[in-house]
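Chemist: Please see the structure below; I have some questions.
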Amino acid sequence: MREIKPESLIFDMDGTIVSTVEDITDSVNVALLQFGLEPISVKECIPMLGNGSVMLIKRAMKGKKEELFDDVFNTYYSYYHQHYCVKTKPYDGLIDVLLEAKRRGILLFVYTNKPYDIALEVLNRCFPKGLFSLLVGIPLGGKVKPDPTLFIDAVSSYHLDFSKACYFGDSTTDIETATNLHCGGIYSVLWGYQSLETLSSFHLKPTAYLENPKEIQLVLDEKL
67 MREIKPESLI
77 FDMDGTIVST
87 VEDITDSVNV
97 ALLQFGLEPI
107 SVKECIPMLG
117 NGSVMLIKRA
127 MKGKKEELFD
137 DVFNTYYSYY
147 HQHYCVKTKP
157 YDGLIDVLLE
167 AKRRGILLFV
177 YTNKPYDIAL
187 EVLNRCFPKG
197 LFSLLVGIPL
207 GGKVKPDPTL
217 FIDAVSSYHL
227 DFSKACYFGD
237 STTDIETATN
247 LHCGGIYSVL
257 WGYQSLETLS
267 SFHLKPTAYL
277 ENPKEIQLVL
287 DEKL
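According to the numbering used here, numbering within the sequence shown proceeds without interruption in unit steps and concludes at 290.
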């Protein structure tokens, strides 16, 4: 059992609080096909996620027609901005446990490599208004996770004690981000886009692995 009582919870977005990969894959494929590139499957898209939109498109293009990157990226970005929530939805059981955390006075944050404007629209569509204290997304060209700078600057007015913050994410990037933030609790979720094998082989280790969103309740109760 941890000796801290969480005062804030920080969540990654894609693969952690919302299932987004189908809409992302569809949007990537619209851009790829428009410029004569091979489409990707959802299975192929999953390991391409986690490092921002620029890296996603670079990976999806697979080194082909690199001179068209800007056109492919802009087409993807424009299409996804209009189709970001066709199939996207929050994970089952998540909203209830977040509402309980909110009821206890715990601050809830989202820190994502997703562009801020799209991330905000996803939150507004999928979650109750006012559930999260702050969303931190990445502006185009901004520093992406695991660099913690953007988040630290954004939440400065909250005067967070990161030793009493718990971070939840589905990727090794999230483990590294939480480590860089010096979070008191680091939780890798197994309902997202990286496998237990990948997460457990990473050189940095989380506090624990969570098998389903309801287990966040154990963190609230200081049992995990």
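For every residue, glycine included, the Cβ atom is placed at its ideal position computed from N, Cα and C.
Source: prediction; values computed, not measured.
Which residues share a DSSP beta bridge with Leu276?
Modeler: Answer by DSSP bridge pairing, in chain order: Val255.
Chemist: Could you have a look at Ser22 and say whether DSSP puts it in helix, strand or coil?
Modeler: Since the first residue of the chain shown is 67 and the last is 290, residue 22 is not available in this structure.
Chemist: Counting pairs of beta carbons, one from the segment 196–209 and one from the segment 160–179, are three or more of them closer than 8 Å?
Modeler: Cβ pair count under 8 Å is three or more, so yes.
Chemist: Give a yes or no on contact between the segment 133–141 and the segment 251–262, applying the rule of three or more CB pairs nearer than 8 Å.
Modeler: Counting Cβ pairs under 8 Å, fewer than three are found: no touch.
Chemist: Here's a check: name, in chain order, each residue in its chain whose Cβ is nearer than 6 Å to the Cβ of Leu284, leaving out the five neighbours to either side.
Modeler: These residues qualify, in order along the chain: Leu290.
Chemist: Would you tell me roughly how many angstroms separate the C-alpha atoms of Val108 and Cys151, rounded to the nearest one?
Modeler: Using only the alpha carbons, I get a separation of about 16 Å.
Chemist: Asp80 to Leu103, Cα distance in whole Å?
Modeler: Distance between the alpha carbons of Asp80 and Leu103: 25 Å.
Chemist: Could you check what DSSP says for Pro205 in three-state terms: helix, strand or coil?
Modeler: It is coil, neither helix nor strand.
Chemist: Output the distance between the C-alpha atoms of Ile123 and Val94, rounded to the nearest integer angstrom.
Modeler: Ile123 and Val94: Cα-Cα distance of roughly 7 Å.
Chemist: State the Cα-Cα distance for the pair Glu263 and Gly235, rounded to the nearest angstrom.
Modeler: Cα to Cα, Glu263 sits roughly 15 Å from Gly235.
Chemist: Identify whether Val176 lies in helix, strand or coil by the three-state DSSP scheme.
Modeler: Here Val176 sits in strand by DSSP.
Chemist: List the DSSP bridge partners of Val84.
Modeler: Answer is Asp80 and Pro156.
Chemist: Alpha carbon to alpha carbon, how far is Leu173 from Thr86?
Modeler: Distance between the alpha carbons of Leu173 and Thr86 is about 24 Å.
Chemist: Taking CB distances under 8 Å as the criterion, tell me whether Lys289 reaches chain B.
Modeler: The structure shown contains no chain B; it is built from a single protein chain.
Chemist: Starting from Tyr142, trace the alpha helix (DSSP H) both ways and give me its first and last residue.
Modeler: That run of the alpha helix (DSSP H) goes Phe135 to Gln148.
Chemist: Using a Cβ-Cβ cutoff of less than 6 Å, which residues in the same chain neighbour Phe77 once the five nearest sequence positions on both sides are dropped?
Modeler: Within the same chain, Phe77 has close Cβ partners Ile83, Val176 and Phe234.
Chemist: Would you kindly check if the distance between the Cβ of Glu288 and the Cβ of Lys71 is under 8 Å?
Modeler: Yes, the Cβ-Cβ distance between Lys71 and Glu288 is below 8 Å.
Chemist: Which value, in whole angstroms, describes the spacing of the CA atoms of Gly203 and Val210?
Modeler: Cα to Cα, the separation comes out at about 9 Å.
Chemist: Less than 8 Å between the beta carbons of Asn246 and Pro272, yes or no?
Modeler: No. Outside cutoff.
Chemist: Please list, in chain order, all residues of the same chain as His248 whose beta carbon is under 8 Å from its beta carbon, the five residues on each side excluded.
Modeler: Phe228 and Ser229, listed in sequence order.
Chemist: Quick one: grab the DSSP three-state call for Cys192.
Modeler: Of the three classes helix, strand and coil, the one that applies to Cys192 here is helix, per DSSP.
Chemist: What is the rounded straight-line gap between the Cα of Met67 and the Cα of Ser266?
Modeler: Unreliable placement is indicated for Met67, whose pLDDT of 46 sits below 50; no coordinate value is reported for it.
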